[in-house]
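**Q**
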Amino acid sequence: MSAVTAVPGGALRDDYEGRAGRGEGRVPVLTGRPEPRGHRRPSDSPVRQAAAGWAIAFGVLGLGYRLLLVRGEVPPGDGAEAAAGLAALRIAQGQELPLFLDSARFMGSLQAFLAAPFVRVLGTDWWSVRLPALICFAGFLLAAYMLLRRLYTPWFAALSVGLFALGSDRVIRDEVTGAGAYPEMLFAVALLTLLTVRLAGAELKHPGLGLFGWGILAGLMIWTHLWVLPFVGAAAVMLLLSFRRALVWLIVATGTLVGVVPLIAYAVLGSPRNPLQLIVLASGNLIQMPLADRATGTLFTAIPLSTGLCAPGECVAWQAWWGPAYLALLLIALISAIRGLGNAPVGAVPRQAGRLVLIIGAAVTLGGFLATGDSALTPEISAKNLHYTLIALPAVLWPLWRAAARLWGRRARTAFAAFTGLTGSVVLAAVLALAVAATATLILNAPGLSASADDDRELVAALDATGATRIYSDRDTCDRVIFITGERVICAVIDARLNQRGDRFPAYSAVVRAAPNPAYVLLAGSDTDTTFAAFLDRTTRIFDITPAGGYLIYQEDL
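Note that the working numbering has the sequence shown beginning at 8, numbered continuously upward.
1) Check whether the Cβ atoms of G185 and R137 lie closer than 8 Å to each other.
2) Please report the straight-line C-alpha distance between R477 and Y558, rounded to a whole angstrom.
3) Taking only the alpha-carbon atoms, compute the straight-line gap between A540 and D483 and give it to the nearest angstrom.
4) Beta carbon of G69, beta carbon of F171: below 8 Å?
5) Return the first residue and the last residue of the beta strand (DSSP E) that C322 is part of.
6) In the DSSP assignment, find the unbroken alpha helix (DSSP H) run with Y558 in it and report its ends.
7) Per DSSP, what kind of secondary structure is M114 in: helix, strand or coil?
8) Say whether the region 184-201 touches the region 437-445, bearing in mind that this needs 3 or more beta-carbon pairs closer than 8 Å, one atom from each stretch.
9) If we call anything under 8 Å between Cβ atoms a contact, is S516 one with A499?
10) Using the rule of at least 16 other Cβ atoms within 10 Å of the residue's Cβ for burial, across every protein chain shown, is W230 buried or exposed?
11) Does at least one heavy atom of the ligand FMN sit under 7 Å from the Cβ of V353?
12) Starting from Y72, trace the alpha helix (DSSP H) both ways and give me its first and last residue.
13) Taking Cβ to Cβ, would you say A119 is nearer than 8 Å to A91?
14) With a Cβ-Cβ cutoff of 8 Å, do A225 and A151 count as a contact?
15) Can you tell me the Cα-Cα spacing of L342 and A209, whole angstroms?
16) Out of curiosity, what's the CA-to-CA distance linking R504 and T535?
17) Report the option in A390, A318, I179, P352 whose CA atom is closest to the CA atom of G304.
18) With the cut-off set at 8 Å, would you say G428 and R413 are in Cβ contact?
19) Would you please state the rounded distance, in angstroms, between the beta carbons of V255 and P357? I believe it to be under 8 Å.
20) What's the call for T547, buried or exposed, on a 16-neighbour Cβ count within 10 Å?
21) Just confirm the distance between the C-beta atoms of G556 and D471, as a whole number of angstroms; I'd bet it's less than 8 Å.
22) Indicate whether L377 and R301 have their beta-carbon atoms separated by less than 8 Å.
23) DSSP three-state call for H394: helix, strand or coil?
24) Within 10 angstroms of the Cβ of E191, are there 16 or more other Cβ atoms? Answer buried if so, exposed if not.
25) Among the residues of its own chain, which have a CB less than 7 Å from the CB of E103, if the five just before and after it don't count?
26) Among A444, R545, A453, I491, which has the Cα closest to the Cα of E465?
27) What residue does the beta strand (DSSP E) around P553 start on, and which one ends it?
28) For the pair the region 159-177 and the region 440-449, tell me if three or more CB-CB distances fall below 8 Å.
29) Taking the beta strand (DSSP E) that R477 falls in, what are its first and last residues?
30) Would you identify the three-state DSSP class for V178, choosing helix, strand or coil?
31) Quick check on A526: does DSSP put it in helix, strand or coil?
32) On the three-state DSSP scale, how would you describe P513?
33) With the cut-off set at 8 Å, would you say F147 and L233 are in Cβ contact?
34) Is DSSP giving A499 helix, strand or coil here?
35) Taking C-beta to C-beta, are I223 and G266 nearer than 8 Å?
36) Look at the alpha carbon of A370 and the alpha carbon of V353, and state the distance between them as a whole number of angstroms.
Here it is as C-alpha cells:
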C-alpha cells in the first residue's frame with residue numbers, strides 16, 4: 008500500500024479487521040461494520056441523471072437571478088466592497104500586495120487577489136469585484152451538489168441546490184458582494200468537505216495531490232476568515248481518522264503552511280495582536296451581554312436571516328419560529344448521524360462521517376456566534392458570520408425529508424411514523440415557502456434598494472462639476488467615491504468631530520492634506536454635518552454649498 012492510500016473508516020480499521028477475524032464483539036464506532044456478503048447497491052444512473060438535470064436547471068436559474076440583481080445594482084455597493092476593490096486595483100497596478108482587507112487585520116485579502124484580473128480588464132466597476140463572487144457561487148452550487156449527492160440522495164441534493172438558488176436579502180449580500188471572505192469561503196467550505204469525503208472514501212486517483220491540495224485550501228481558509236475554523240477543524244478530524252501514515256499528515260501540514268503564508272508573513276512583520284484576539288475583538292465578544300439577549304438574537308434573528316427565510320433586515324414572528332426549529336432539527340440530525348456512523352457498513356463510513364462534519368461545523372459556529380456580544384447587539388448585521396452554515400442547511404432538513412419520504416412512499420407502517428411524516432412534510436414545505444417569500448420580497452424591494460447607487464452617481468457628477476478632486480468625508484463614502492472614480496477623486500476620512508482618522512489606505516490622507524483647497528462631502532443631517540455647520544457659524548471663512556445625492560459638498564470660496 009502506498010504511503011498516501013486512503014483507508015475508509017479510519018486508522019482504527021486495522022484493529023477492527025483483526026478483531027472481526029477473531030470473531031470479537033462490536034467494533035469501534037468509527038470503523039463501521041462489514042458489508043453483507045454479496046451486497047450490491049442498485050444502479051441509480053437514471054435517477055442520478057434526472058436529479059442532475061434538475062440541479063443544473065436550478066443552478067442556472069439561481070445564477071441568472073443573481074446576475075439580474077447585480078445588473079440592477081442590488082445590493083448597492085458599500086465601503087467594505089469598495090475597499091476590496093481598491094485593494095484589487097493596487098494589486099493589479101503592482102503597487103502593493105495587501106494581506107488583509109480590513110483595518111482590524113482579521114479578514115484575508117483573497118477576494119482582492121481574485122478580483123485583481125477583472126479590475127485590470129474592466130476598471131473600477133462593481134462588476135469587477137462581483138464577478139469573482141458570482142463565479143464562486145457557481146462553484147459552490149457544483150461542489151454542494153456533488154457533496155450532498157454522496158452524503159444523502161441525488162434528489163435531495165437537487166432539492167438543496169434549488170433552495171440554494173433562492174436568495175433573500177441577507178443571503179444575496181453575502182453571496183454576490185465582493186467585500187471579501189463570504190462568497191469565496193462558502194465555496195471553500197463545500198469544496199473542502201467534498202474533498203475530505205472523497206479522500207476518506209479512496210475516490211481520488213492521486214490522493215497525494217489531493218492531500219496537498221486539501222492542506223493549501225485549509226490554509227487559505229484560515230487566512231481569509233477565522234469563522235470557517237469549525238468546518239476546517241471538523242474536516243481535519245475526519246481526515247485524521249481516515250489515514251494511518253505519518254507521511255500523509257506531513258503532506259497535509261506542508262500544504263497548510265503554504266496556504267497560511269500570508270499569516271506567517273504578517274506575524275514576521277510584527278503583528279500587534281494574534282488573529283484569534285483580533286476576531287474576538289471584531290466580533291464584539293469583549294462586550295458582556297446577558298445570555299438571554301444573545302440567545303434571542305441568535306435564535307429569532309440571526310438563524311432565520313442567515314438561512315434566507317426573512318425579508319430585508321428583519322424577521323417577523325411568523326418567520327422567527329425557524330430559529331428554535333433549526334436548533335431542534337440540528338440536534339436530531341446530530342444524533343441520527345452519530346447512530347448512523349456507529350451502524351454504517353465499512354464503505355458507508357465516509358458518507359456518515361461527512362454528515363457529521365457539516366453538522367458539527369454548523370453547531371460549533373452557532374456556539375461561537377452565541378458567545379459574541381454582537382449576537383445580542385447587532386444580530387441583523389452579524390448574521391453574516393453564520394453564512395458558512397448554509398452548506399449545513401440540507402443536513403438540518405434531512406430528518407424532515409426522510410420522514411416525509413417514508414409517508415409519501417407508503418412506508419410509514421405505524422401511526423407515529425405517519426405523524427412524523429406529516430409533520431416533516433409540513434415543516435419542509437413551510438421552509439421552502441418562507442425561502443420563496445423572502446426571495447420574492449427582495450425582488451419587489453429591489454428598486455428601492457438600488458436607489459443609493461443613483462445617489463452615488465449624482466454625487467460623483469456633482470464633484471466633477473465643481474472640480475472637487477480632493478475631499479474629506481466618512482470612511483464608507485471615501486471608499487466608495489475613490490473606487491467609483493478610479494482614484495480620480497481622493498478622499499481622507501474624518502470622524503464626527505472633524506478629526507482625521509480611520510483611513511484604510513494612509514496614502515490617501517496624505518494626498519488630501521497636501522491639497523490647497525479640499526472639499527468636505529458630508530451626509531446631510533449627519534453628526535459630522537452638524538459639527539461642520541457649527542464650525543461655519545463660528546468662522547469668517549466662506550464656503551459654497553452644493554447638495555447632491557443626499558450629501559452636502561462644502562467648498563471654501565477663495
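All C-beta atoms in this analysis are idealised placements derived from N, C-alpha and C, irrespective of residue type, glycine included.
**A** In brief:
1) In contact: G185 and R137 (Cβ atoms closer than 8 Å).
2) Those two C-alpha atoms are separated by around 16 Å.
3) Rounded to the nearest angstrom, the two C-alpha atoms are 21 Å apart.
4) Annotated as proximal: G69 and F171, with beta-carbon spacing under 8 Å.
5) Looking at the DSSP string, C322 is not in any beta strand (DSSP E), and its letter there is neither H nor E.
6) Under the DSSP assignment, Y558 falls outside any alpha helix (DSSP H), being part of the beta strand (DSSP E) whose first and last residues are 558-563.
7) Reduced to three states, the DSSP call for M114 is strand.
8) Too few Cβ pairs lie closer than 8 Å, so no.
9) A Cβ-Cβ contact shorter than 8 Å links S516 with A499.
10) With a 10 Å radius around the Cβ and a threshold of 16 neighbouring Cβ atoms, W230 comes out buried.
11) This structure simply doesn't include the ligand FMN, nor any ligand for that matter.
12) Judged by DSSP secondary structure, Y72 falls within the alpha helix (DSSP H) whose first and last residues are 52-78.
13) The criterion of a C-beta distance shorter than 8 Å is satisfied by A119 and A91.
14) In this structure, A225 keeps its C-beta atom at 8 Å or more from the C-beta atom of A151.
15) The displayed chain sequence assigns Ile, not Leu, to residue 342. One C-alpha to the other measures close to 26 Å.
16) Answer to the nearest angstrom: the Cα atoms are 6 Å apart.
17) Selected option, being the one with the closest Cα: A390.
18) Here G428 is near R413, since their CB atoms are less than 8 Å apart.
19) The pair is not a contact, with the Cβ atoms about 15 Å apart (cut-off 8 Å).
20) By the beta-carbon neighbour count (other beta carbons within 10 angstroms, threshold 16), T547 is exposed.
21) With a Cβ gap of about 13 Å, G556 and D471 do not count as contacting.
22) Taking 8 Å as the cut-off, the Cβ atoms of L377 and R301 count as close.
23) Helix, per DSSP.
24) With 16 or more other Cβ atoms inside 10 Å of its own Cβ, E191 counts as buried.
25) R97, listed in sequence order.
26) Ranking the options by Cα distance to E465, first place goes to I491.
27) Checking the sequence, you will find Thr at residue 553 rather than Pro. If you look at T553, you'll find it in the beta strand (DSSP E) that goes 550-555.
28) The answer is yes - the region 440-449 touches the region 159-177, with three or more Cβ pairs under 8 Å.
29) Residues 477-480.
30) V178 falls in the helix class under three-state DSSP.
31) Residue state, collapsed to three classes: strand.
32) The answer is helix: DSSP assigns P513 an H, G or I state.
33) No, they are not a contact pair.
34) Strand, per DSSP.
35) Between I223 and G266, the C-beta gap is smaller than 8 Å, which places the two residues in contact.
36) Straight-line measurement puts the Cα of V353 at about 26 Å from the Cα of A370.
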